[in-house]
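*Asks:* Below you will find the structure I want to go over with you.
Numbering (our numbering), first residue to last: 7 to 197.
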């Protein structure tokens, strides 16, 4: 982040300093020497954190539900696992909702529900249950984040049949891209 007189500057925005108006592209075009001569300094950005999982930098939210007594009253605090498990149920409901009318129509008219829809709806419920179990098994907040938002694939050193890392003729590791084993079960593809 760039600062001038302890105020942040934004690229592609005009600014005024000492009565002089600088155009929006000045920061992009100016050399380091020109910026320094004007008194512009570069400072590190404030650390960021995912507010869904952390209260602050290196301050994770509570993973499991917790019950404690405060001033003689029992207080229950809901943990991330419970919150994210509930979210999976909401996602499952939203995936099932577009086909609910088919089920209702079949029940009301006494007709059969197409097997493709039965299979899809069962797969949604199974995926939801599996994802909720995976969330319940998360060891810590970083594992929960990886489970829910990790990359679909990872690159790792290839292993031989005995689990030993493979190296090439130059003594460098042989890498391969594989499905990330730490991400949640995928939701089924809608029909």
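We treat Cβ as the ideally placed atom computed from N, Cα and C, and that holds for glycine. Note that the coordinates shown come from a computational prediction; the quantities given were computed from them, not determined experimentally.
1. Mind checking who residue 80 pairs with in its DSSP beta bridge?
2. Residues in its own chain within less than 8 Å of residue 147 by CB, not counting five upstream and five downstream?
3. So for residue 2, helix, strand or coil by DSSP?
4. Using the three-state DSSP reduction, which class does residue 180 fall into: helix, strand or coil?
5. Out of curiosity, what's the CA-to-CA distance linking residue 120 and residue 52?
6. In three-state terms, what does DSSP make of residue 48?
7. Where does residue 193 sit, in a helix, a strand or coil, going by DSSP?
8. Starting from the C-beta of residue 151, find all residues in its chain whose C-beta is less than 8 Å away, skip the five residues before and the five after it, and write them out in chain order.
9. Measure from the alpha carbon of residue 187 to the alpha carbon of each residue in 155, 176, 127 and 173, then state which is nearest.
10. Just list the beta strand (DSSP E) runs in the segment 16-45, keeping only unbroken ones of 3 residues or longer that don't cross its boundaries, in chain order.
11. Less than 9 Å between the beta carbons of residue 18 and residue 33, yes or no?
12. Which value, in whole angstroms, describes the spacing of the CA atoms of residue 130 and residue 145?
13. Residue 119 by DSSP, collapsed to three states: which one?
14. Please state if the CB of residue 71 and the CB of residue 54 are separated by a distance shorter than 9 Å.
15. What distance in whole Å lies between the Cβ atoms of residue 190 and residue 140, which are believed to be in contact at a cut-off of 8 Å?
16. Rounded to whole angstroms, what's the CA-CA distance from residue 103 to residue 158? Just pull it up for me.
17. Which partner residues of residue 126 appear in the DSSP bridge assignment?
18. Taking DSSP as the reference, what is the three-state secondary structure of residue 155?
19. Report all residues from its chain with a CB closer than 6 Å to the CB of residue 91; omit the five preceding and five following residues, and keep chain order.
*Replies:* In this structure, then:
1. Looking at the DSSP assignment, residue 80 forms a beta bridge with 75.
2. Excluding positions up to five away in sequence, the list reads 59, 60, 66, 67, 69 and 86.
3. The chain is shown only over 7 to 197; residue 2 falls outside these bounds and no answer can be derived.
4. It is coil, neither helix nor strand.
5. Here the C-alpha atom of residue 120 lies approximately 55 Å from the C-alpha atom of residue 52.
6. DSSP places residue 48 in strand when its eight states are reduced to three.
7. Three-state result, residue 193: coil.
8. Within the same chain, residue 151 has close Cβ partners 56 and 59.
9. Among 155, 176, 127 and 173, the Cα nearest to that of residue 187 is on 155.
10. Fully contained in the segment 16-45 are the following beta strand (DSSP E) runs of length 3 or more, in chain order: 21-23 and 26-28.
11. Against a cut-off of 9 Å, the Cβ pair of residue 33 and residue 18 comes out as a contact.
12. Looking at the two C-alpha atoms, the distance is approximately 25 Å.
13. Residue 119: coil per DSSP, three-state reduction.
14. Inclusion of residue 54 and residue 71 in the CB contact set at 9 Å is not warranted, their separation being larger than that value.
15. With a Cβ gap of about 5 Å, residue 140 and residue 190 count as contacting.
16. It is roughly 27 Å from the alpha-carbon of residue 103 to the alpha-carbon of residue 158.
17. Beta-bridge pairing by DSSP links residue 126 to no other residue.
18. The DSSP-derived three-state label of residue 155 is helix.
19. 138 and 141, listed in sequence order.
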